[in-house]
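A.B. asks: Those letters in the sequence shown? Residues -30 to -1, 1 to 301, by mature numbering (1 follows the signal peptide of the UniProt record, and there is no 0).
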Amino acid sequence: MASSPSSPEALTAIFLLSTLLVSRLPPASSAACTSETFSGRRQPYDSCLDLPTLDSRLHWSYDPAQSILDIAFTTQTAGPNGWVSWAINPTGRGMVGSQALAAFQGPDGQMTVRKYNVSSYGPLGEESTRLWYDVREASAEFSGGLVRLFATLALPEKGLAAVNHVWQTGGSVTGGVPDRHAFGQGNLNSMGRLDLLTAQSTGKGGSTAEKRNVHGVLNVVSWGILFPIGIVFVTAYAIGVVGWATGLKLGRESEGVTYSYHRNIGITLFVLATTQVFGSVLRPKNGFDILRPEAKWRDAYLVVSVVLASVASLLEVITWIATLRRKKTMH
């Protein structure tokens, strides 16, 4: 018999579809880069982009024949004595391997620009004398609460059409060296692929935010609503498994960041729900035989429970080992 529109299955499908559609709506953003102007001798740049995170903007002009890139990076610092940075990563995506320009106020109150080859998640250390690109000119200014970082770069390869770029802000500088930045979602997603010729940037922020929204919706619907009230048991478990898998993928993409309580709660819910599902599937049929269950059902239930508990424990140990290794590397 077909389900009526008011059946639990239909209501669940409608609710889940609606929440997923809402979670995929793009965030509102303002096109501020086109109205931004620069004082002094600086000419208008050929292209500009409003970057997806940290309220940042990038202007640039590019001569592929001469491999000369002029950039102006604009953003706010994360504190009154903070710093801003823009970088190119010639070897991959993300912070490690990036060739960075960082701007901040020096002891004399004047803006200064430093060069860094970011080789690890540890402290930056001394300024780098050589980067993947040649810095022909670099300067910065602070006005109206914004830092503007200007640079003229000579790229080592002619005809480059796109580069991986990273941008970042931090709240403090110690001894003339930028301190570690925050680990909010905006900071972790401040990277992308910049097309120098077509003025497009495919950033990490949008896709990660969408995955995070889907992860939240699926888990709220399954573990938070359907499972507790006992509606559509198998469907609730299937939705929960998808949400749990999405969380695992987000965890792998957030290298260097661990939400311990969130992860432990997720593992616990998954193990308990899986055990409950197996218990329902393996449960003997009603009748007098239920008073004398065969040993194989009891043994299978016990084996499944032990395996799930062992897997959860192993995942926890591996996570802690990886976390401790990262901490040792950073110190």
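From the three backbone atoms N, C-alpha and C, an ideal C-beta is built for every residue, glycine too.
(1) Among the candidates Glu127, Arg163, Ser17, Leu119, whose CA atom is the shortest distance from the CA of Ala35?
(2) Relative to the alpha-carbon of Phe112, which residue among Trp30, Gln46, Ser160 has its alpha-carbon at the smallest distance?
(3) Under 8 Å between the Cβ atoms of Val143 and Trp290?
(4) For the segment 114 to 125 against the segment 144 to 158, do three or more pairs of beta-carbon atoms, one drawn from each stretch, fall closer than 8 Å, so that the two count as touching?
(5) Within 10 angstroms of its Cβ, does Asp104 collect 16 or more other Cβ (buried), or is it exposed?
(6) Less than 8 Å between CB atoms is the rule here; does Ala42 satisfy it with respect to chain B?
(7) Give the secondary structure of Thr7 by DSSP, where H, G and I count as helix, E and B as strand, and everything else as coil.
(8) Rounded to whole angstroms, what is the Cα-Cα separation between Leu284 and Ile235?
(9) Skipping 5 residues on each side, what residues in its chain have a beta carbon closer than 8 Å to that of Thr99?
(10) If you draw a straight line from the C-alpha of Asn157 to the C-alpha of Thr23, how long is it?
(11) Quick check on the burial criterion: 16 or more other C-beta atoms within 10 angstroms. Buried or exposed for Thr7?
(12) Candidates Cys18, Ala2, Ser89: which alpha carbon is nearest Ala70's?
(13) Ala131 and Leu166 look like a contact to me (Cβ under 8 Å); what is the Cβ gap, rounded to whole Å?
(14) Would you mind sorting Pro(-4) into buried or exposed? The rule is 16 or more other CB atoms within 10 Å of its CB.
(15) Using CA atoms only, rank isn't needed, just tell me which of His29, Thr82, Ser160, Ser68 is closest to Tyr15.
(16) Just to confirm, is the Cβ distance from Arg63 to Asn134 under 8 Å?
(17) Would you please state the rounded distance, in angstroms, between the beta carbons of Ala48 and Gly141? I believe it to be under 8 Å.
(18) If we count the other Cβ atoms within 10 Å of its Cβ and call it buried at 16 or more, is Ile41 buried or exposed?
(19) Could you work out which residue in Glu107, Gly95, Gln138 is closest to Thr82 when comparing CA atoms only?
(20) My assumption, with CB atoms under 8 Å, is that Trp102 sits in contact with Ile58. Please give the rounded CB distance.
(21) Quick check on DSSP: helix, strand or coil for Leu284?
(22) Would you list the one or two residues that DSSP bridges to Ala108?
(23) Give every residue of the same chain whose Cβ lies closer than 6 Å to the Cβ of Glu97, excluding the five residues on either side of it in the sequence, and list them in chain order.
(24) For the candidate residues Trp56, Ser31, Ala110, whose alpha-carbon lies nearest to that of Pro68?
(25) When we look at the beta-carbon of Phe153 and count the other beta-carbons within 10 Å, is it buried (16 or more) or exposed?
(26) Which residues does DSSP pair with Pro148 in a beta bridge?
(27) Go to Leu164, then tell me how far its alpha helix (DSSP H) extends in each direction, as first and last residue.
(28) Tell me the rounded alpha-carbon separation between Ala73 and Thr61.
(29) Please report the distance separating the alpha-carbon of Cys18 from that of Ser9.
C.D. replies: Taking the structure as given:
(1) Mapped onto the sequence shown, residue 35 falls at position 65. Checking every option, the nearest Cα to that of Ala35 belongs to Glu127.
(2) Taking the first residue of the sequence shown as 1, we reach residue 112 at position 142. Per the Cα distances, Gln46.
(3) By one-based count along the sequence shown, residue 143 stands at place 173. By one-based count along the sequence shown, residue 290 stands at place 320. Taking 8 Å as the Cβ cut-off, Val143 and Trp290 do not qualify as a contacting pair.
(4) The segment 114 to 125 is not in contact with the segment 144 to 158.
(5) Locating residue 104 in the sequence shown gives position 134, where the first residue counts as 1. By the neighbour-count criterion, in which 16 or more other beta carbons inside 10 Å mark a residue as buried, Asp104 falls on the exposed side.
(6) Among the chains in the structure shown there is no chain B, since it carries only a single protein chain.
(7) Locating residue 7 in the sequence shown gives position 37, where the first residue counts as 1. DSSP places Thr7 outside both helix and strand once states are collapsed to three, so it counts as coil.
(8) Residue mapping note: residue 284 aligns to position 314 of the sequence shown, counting from 1. Residue mapping note: residue 235 aligns to position 265 of the sequence shown, counting from 1. One C-alpha to the other measures close to 15 Å.
(9) Counted from its first residue, the sequence shown places residue 99 at position 129. The answer, listed in chain order, is Lys85.
(10) Translated into the one-based positions of the sequence shown, residue 157 becomes position 187. Translated into the one-based positions of the sequence shown, residue 23 becomes position 53. Distance between the alpha carbons of Asn157 and Thr23 is about 7 Å.
(11) On the sequence shown, residue 7 is found 37 positions in, with the first residue counted as 1. Exposed.
(12) Start at 1 with the first residue of the sequence shown, and residue 70 comes out as number 100. It is Ser89.
(13) The residue you call residue 131 lines up with position 161 of the sequence shown. The residue you call residue 166 lines up with position 196 of the sequence shown. With a beta-carbon spacing of about 6 Å, Ala131 and Leu166 fall inside the 8 Å limit used to define contacts.
(14) For this step, residue -4 is matched to residue 27 along the sequence shown. Confidence in Pro(-4) is poor, its pLDDT being 43 and thus under 50, which makes the residue's placement too unreliable to answer from.
(15) Position 45 of the sequence shown, counted from the start, is the residue given in the question as residue 15. When each option's Cα is compared against that of Tyr15, the closest is His29.
(16) Sequence index remark: in the sequence shown, residue 63 carries index 93 (1-based). Sequence index remark: in the sequence shown, residue 134 carries index 164 (1-based). The answer is yes: Cβ separation under 8 Å.
(17) Stepping through the sequence shown from its first residue, residue 48 is reached at position 78. Stepping through the sequence shown from its first residue, residue 141 is reached at position 171. Under the criterion of beta carbons closer than 8 Å, Ala48 and Gly141 qualify as touching, at roughly 4 Å.
(18) To locate residue 41, count along the sequence shown from 1; it is residue 71. With 16 or more other Cβ atoms within 10 Å, it is buried.
(19) Counted from its first residue, the sequence shown places residue 82 at position 112. Thr82 has its Cα closest to that of Glu107, out of Glu107, Gly95, Gln138.
(20) For this step, residue 102 is matched to residue 132 along the sequence shown. For this step, residue 58 is matched to residue 88 along the sequence shown. With 8 Å as the limit, Trp102 and Ile58 qualify as a contact, their Cβ atoms being about 7 Å apart.
(21) Counted from its first residue, the sequence shown places residue 284 at position 314. DSSP places Leu284 within a helical segment (H, G or I) once states are collapsed to three.
(22) Your numbering for residue 108 matches position 138 in the sequence shown. DSSP, once it has assigned bridges, lists Ala121 as partnering Ala108.
(23) Locating residue 97 in the sequence shown gives position 127, where the first residue counts as 1. Closer than 6 Å at Cβ, skipping near neighbours: Arg84, Lys85.
(24) One-based indexing of the sequence shown puts residue 68 at position 98. Note that residue 68 is Ser in the sequence shown, not Pro. Cα-wise, what sits closest to Ser68 is Trp56.
(25) As a working note, residue 153 is residue 183 in the sequence shown. Looking at its Cβ environment, which holds fewer than 16 other Cβ atoms inside 10 Å, Phe153 is exposed.
(26) Translated into the one-based positions of the sequence shown, residue 148 becomes position 178. Per DSSP, Val143.
(27) For this step, residue 164 is matched to residue 194 along the sequence shown. Leu164 -> not in any alpha helix (DSSP H); beta strand (DSSP E) instead, spanning 161 to 165.
(28) By 1-based counting over the sequence shown, the position of residue 73 is 103. By 1-based counting over the sequence shown, the position of residue 61 is 91. Straight-line Cα distance between these residues: approximately 23 Å.
(29) As a first step, residue 18 must be located in the sequence shown, where it is residue number 48. As a first step, residue 9 must be located in the sequence shown, where it is residue number 39. If you draw a straight line from the Cα of Cys18 to the Cα of Ser9, it comes to about 17 Å.
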